[in-house]
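Undergrad: Numbered by the numbering used here, the letters in the sequence shown go through residues 18 to 469 in order.
For glycine and all other residues, C-beta sits at the position ideal for the given N, C-alpha and C.
For clarity, every value in this text was computed on a predicted model and none was experimentally measured.
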Amino acid sequence: MQVAVVGAGPAGFYTAGGLLASGLDIQVDLIERLPTPWGLVRQGVAPDHPNIKAVSRVFDEIAARDGFRFLGNVQVGRDVSAFELSRLYHAVVYAVGASDDRRLGIPGEDLPGSLASASFVAWYNGHPDYCSVSPDLSCTTALVVGNGNVALDVARILAIDPGELATTDIADHALRALRASAIREIVVLGRRGPAQASFTTPELRELGELNGVAAVVDPAELAIDPPDHAPARRNLETLRTWAAAPAATGSRTVRLLFCHSPAALLGDGKVEAAEIVHNRLERHPDGTVVAVPTGETEVIPCGLVLRSVGYRGAPPDGVPLDERTGTIRNRAGRVEPGVYCCGWIKRGPTGIIGTNKKDAGETVDRILEDARAGLLHAAPVAPPGAIDDLLASRGVVVVDGDGWQRIDALERERGVVEGRPRVKLCRWSDLLVAAHPEPVAAGYGVSRTDEP
Ligand code: NAP
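#1: Could you compute how far the alpha carbon of residue 376 sits from the alpha carbon of residue 318?
#2: Using a 10 Å radius around the Cβ and a threshold of 16 neighbouring Cβ atoms, would you call residue 34 buried or exposed?
#3: How would you write the range of the alpha helix (DSSP H) that residue 32 sits in, first residue to last?
#4: With hydrogens ignored, establish whether the beta-carbon of residue 226 is closer than 7 Å to any heavy atom of the ligand NAP.
#5: Leaving out the 5 sequence neighbours to the left and right, which residues in its chain are closer than 8 Å to residue 58 when beta-carbon positions are compared?
#6: Along the chain, where does the beta strand (DSSP E) containing residue 293 start, and where does it finish?
#7: Could you spell out the range, first to last residue, of the alpha helix (DSSP H) harbouring residue 278?
#8: Go through its chain and collect everything with a Cβ distance to residue 388's Cβ below 8 Å, but skip five positions before and after it.
#9: In the structure shown, what three-state DSSP assignment does residue 45 receive?
#10: Go through its chain and collect everything with a Cβ distance to residue 428's Cβ below 7 Å, but skip five positions before and after it.
#11: Would you check whether the ligand NAP has a heavy atom nearer than 7 Å to the C-beta of residue 369?
#12: Report the rounded CA-to-CA distance for residue 333 versus residue 110, giving the unit in angstroms.
#13: Please name the residue in 335, 44 and 114 whose C-alpha comes closest to that of residue 329.
#14: Check the DSSP bridge columns for residue 443 and list the partner residues they point to.
#15: Which two residues bound the contiguous alpha helix (DSSP H) that contains residue 92?
#16: Residue 339 by DSSP, collapsed to three states: which one?
#17: By Cβ distance, which residues of its chain are closer than 7 Å to residue 133, with the 5 residues on each side in sequence left out?
#18: Do you know offhand how far residue 338's Cα is from residue 303's?
#19: Quick one: what does DSSP say residue 414 is sitting in, helix, strand or coil?
#20: Give me whichever residues DSSP pairs with residue 159 in a beta bridge.
#21: What do you reckon, is the C-beta of residue 430 under 7 Å from a heavy atom of the ligand NAP?
#22: For residue 248, I'd like the list of residues in its chain whose CB is within less than 7 Å of its CB, leaving aside the five on either flank, ordered along the chain.
#23: Quick check: residue 49 and residue 87, are their CB atoms within less than 8 Å of each other?
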């Protein structure tokens, strides 16, 4: 059986691994838009969290299995269509993540200086589409909207002593910019209360443990009944230790404000301030707690706003998107016999990397069920490798597993010189030339016009 898995992040790798471990005769092509695999493990996980990135070893083991191929630098929807894939493979699995950001829907949201955290994260992680994002860090106050782990990641990266990032795999351009940053205060806004925040306690504690950083919260915002939920109780305990500590000092401050939402971003040609509305919490009969604006407002001067309010999926054309949830319509991973999905595009942008293992197991079960029921072999598919001819006929220069190994080796080599795990190549042209040092590289400039 020939299966294409689209998207080489954790969900894609775990799906490939599950299929290859099934004991059946299966070949998996893992198709990826970037020349590099690992998805958010490379492009999303914060550079100061190397332990989380160690999961890439599991992905390397999967990549080494018989029947596995990596086809990088191939974009479904541009280089090959979803329809064509369904003719080339017995089954296609979309594990394309959630690449779009959710919107706040407030005036001024698109002013320069207001950025989706997804772009900021991709910028400091060296994603080749985002090296020119160049956030303006010349202001003294940054506002981070949202109370999830992404909000804490970006707040921490702005607050941490850049010297501590110098030994990580952060993109060089981001390290240079953070060294020159004038930001001294980072205000993290949660629209609901501390008991409803979705960040996790280790990530919250980390903020309070940064050298030279004062983590601040108003004790009045913590005067609530202990939450029923253990993780929320632990968050509240951490926040209360911050509030009880003697007036914290540091060269930078991270201030958490709860029950506040941005109502508008203000400025003449760029963000200069945010109008903030205070919320009260209302409990609905079904137990959900919602933020209701009180009408009381204040203005916080700031020059950078990072919107960390979650992601939405954007699958390739021809794959059915549920507009309401930003996911592909599916039942336990099955879109229809022959088409499946896994990861954030299946269940929404929640969970940790390991969540994708169980999620992939469920999708793999659906594929194997359909294979056993004879639903995948009803129509003949093209001979193995037919995609290679199709892509070659379109001038697509595929970065295969060997190409990625060359990129990886070069980045690690550069890292050794600087005492870092790797020094990332952040530009399309550098990645593609490293993958294919031979003359084929000459064609890159023609096929790639999206170089930032
Ligand atoms: P998230 O956990 O869903 O958080 C989104 C936040 O945005 C919530 O606090 C939400 O508040 C808020 N929000 C949504 N719409 C808003 C609006 N209109 N105005 C103000 N606030 C709004 O999502 P995430 O932070 O993007 O993280 C995605 C997933 O990746 C999560 O599962 C996360 O745990 C994971 N992740 C993990 C790590 C780690 O383990 N270190 C790091 C990064 C990400 P409400 O609750 O009120 O909706």
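TA: Looking at the coordinates:
#1: For this step, residue 376 is matched to residue 359 along the sequence shown. For this step, residue 318 is matched to residue 301 along the sequence shown. So the alpha carbons of these two residues sit roughly 43 Å apart.
#2: By 1-based counting over the sequence shown, the position of residue 34 is 17. Buried, because 16 or more other Cβ atoms sit within 10 Å of the Cβ of residue 34.
#3: Numbered from its first residue, the sequence shown carries residue 32 at position 15. That run of the alpha helix (DSSP H) goes 27-37.
#4: The residue given as residue 226 occupies position 209 in the sequence shown. No.
#5: Counting from 1 along the sequence shown, the entry for residue 58 is found at position 41. Same-chain partners within the cutoff: 26, 27, 69, 70, 72, 73, 76 and 370.
#6: Sequence index remark: in the sequence shown, residue 293 carries index 276 (1-based). Per DSSP, the continuous beta strand (DSSP E) segment holding residue 293 begins and ends at 290-300.
#7: As a position in the sequence shown, residue 278 is number 261, starting the count at 1. Segment 277-283 is the beta strand (DSSP E) holding residue 278; no alpha helix (DSSP H) there.
#8: Along the sequence shown, read from residue 1 onward, the residue named residue 388 stands at position 371. These residues qualify, in order along the chain: 18, 41, 107, 108 and 394.
#9: Residue numbering aside, residue 45 sits at position 28 when the sequence shown is read from its first letter. Here DSSP, grouped into helix, strand and coil, assigns residue 45 to strand.
#10: By one-based count along the sequence shown, residue 428 stands at place 411. Excluding residues within five positions, the ones whose Cβ falls inside 7 Å are 439, 440, 441 and 442.
#11: What you label residue 369 is simply residue 352 of the sequence shown in a count that begins at 1. The answer is yes for residue 369.
#12: On the sequence shown, residue 333 is found 316 positions in, with the first residue counted as 1. On the sequence shown, residue 110 is found 93 positions in, with the first residue counted as 1. Their Cα atoms are separated by approximately 12 Å.
#13: Here residue 329 refers to the residue found at position 312 when the sequence shown is read from its first residue. With distances taken between Cα atoms, residue 329 lies closest to 114.
#14: For the purposes of this step, residue 443 is identified with residue 426 of the sequence shown, where counting begins at 1. Residue 443 pairs with nothing; no bridge assigned.
#15: For the purposes of this step, residue 92 is taken as the residue at position 75 of the sequence shown. Run containing residue 92: none; DSSP gives neither H nor E here.
#16: As a first step, residue 339 must be located in the sequence shown, where it is residue number 322. It is a strand residue.
#17: Reading the sequence shown from its first residue, position 116 is the one you call residue 133. Within the same chain, 118 and 324 come within 7 Å of residue 133 by CB-CB distance, once the 5 residues on both sides are set aside.
#18: Indexing the sequence shown from 1 puts residue 338 at position 321. Indexing the sequence shown from 1 puts residue 303 at position 286. C-alpha separation (whole angstroms): 28 Å.
#19: Here residue 414 refers to the residue found at position 397 of the sequence shown. Residue 414 falls in the coil class under three-state DSSP.
#20: Stepping through the sequence shown from its first residue, residue 159 is reached at position 142. Looking at the DSSP output, residue 159 sits in a beta bridge with 203 and 321.
#21: What you label residue 430 is simply residue 413 of the sequence shown in a count that begins at 1. No - the ligand NAP has no heavy atom lying nearer than 7 Å to the Cβ of residue 430.
#22: Working through the sequence shown from its first residue, we reach residue 248 at position 231. For residue 248, same chain residues with a beta-carbon under 7 Å away, outside a window of 5 residues either side, are 217 and 218 in chain order.
#23: Along the sequence shown, read from residue 1 onward, the residue named residue 49 stands at position 32. Along the sequence shown, read from residue 1 onward, the residue named residue 87 stands at position 70. Yes; because the gap between Cβ atoms is below 8 Å, this pair is in contact.
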